[in-house]
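When we follow UniProt numbering, the leftmost residue of the sequence shown carries the number 1, and every step to the right adds one. Ideal placement from N, C-alpha and C gives every residue a C-beta, glycine not left out. Model, not experiment: these values are computed from the prediction.
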Amino acid sequence: MTSTSEVFAAMREAVAGEDGKALQRKFKGTVTFTIGGKLYSLDLSSPSTCDVTEGDAFDGKADLMLTCSEEIMGKMIRKEVQPQQGKMNLAMKLNAILAATRKKLPSSKM
Numbered sequence: 001m002t003s004t005s006e007v008f009a010a011m012r013e014a015v016a017g018e019d020g021k022a023l024q025r026k027f028k029g030t031v032t033f034t035i036g037g038k039l040y041s042l043d044l045s046s047p048s049t050c051d052v053t054e055g056d057a058f059d060g061k062a063d064l065m066l067t068c069s070e071e072i073m074g075k076m077i078r079k080e081v082q083p084q085q086g087k088m089n090l091a092m093k094l095n096a097i098l099a100a101t102r103k104k105l106p107s108s109k110m
């Protein structure tokens with residue numbers, strides 16, 4: 001089972017560089033994840049800010065806030081459940097971020 005910190009390290013890698021710019025063109029927003037009580041922020045609001053950080057970088061004002069258990073986050077990464085709540089247009093586009101993150105995780109961790 002992949003840990004939350006491994007998922008967000010992989011997501012940070014997935015949104016870096018040119019791959020991140022391509023994802024930013026699709027997503028164009030910010031997300032605060034609360035996973036098992038830990039906070040992470042995804043910023044794809046502009047091509048120059050593609051990053052994942054620990055904590056709430058948006059002071060409670062992210063475009064999308066996703067709260068779930070580590071188990072549910074793992075299921076989203078494994079495509080067993082889909083993100084369905086929040087700002088629906090961003091929630092639907094979150095699949096692109098999760099797909100890029102999956103590519104950066106070792107298959108043995110999924």
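By the DSSP assignment, the alpha helix (DSSP H) with residue i in it spans what residues?
| i | result |
| --- | --- |
| GLU70 | 70-77 |
| SER5 | 4-14 |
| LEU90 | 88-104 |
Going by DSSP, what residues sit across from residue i in a beta bridge?
| i | result |
| --- | --- |
| residue 183 | Given a span of 1 to 110 for the chain in the structure shown, any question on residue 183 remains unanswerable. |
| LEU64 | VAL31 |
| LYS38 | ILE35 |
Does the distance from the CB of residue i to the CB of residue j come in under 8 angstroms?
| i | j | result |
| --- | --- | --- |
| MET73 | THR32 | no |
| PHE8 | THR30 | no |
| LEU44 | LYS28 | yes |
| ILE97 | ALA14 | yes |
| LEU39 | GLU18 | no |
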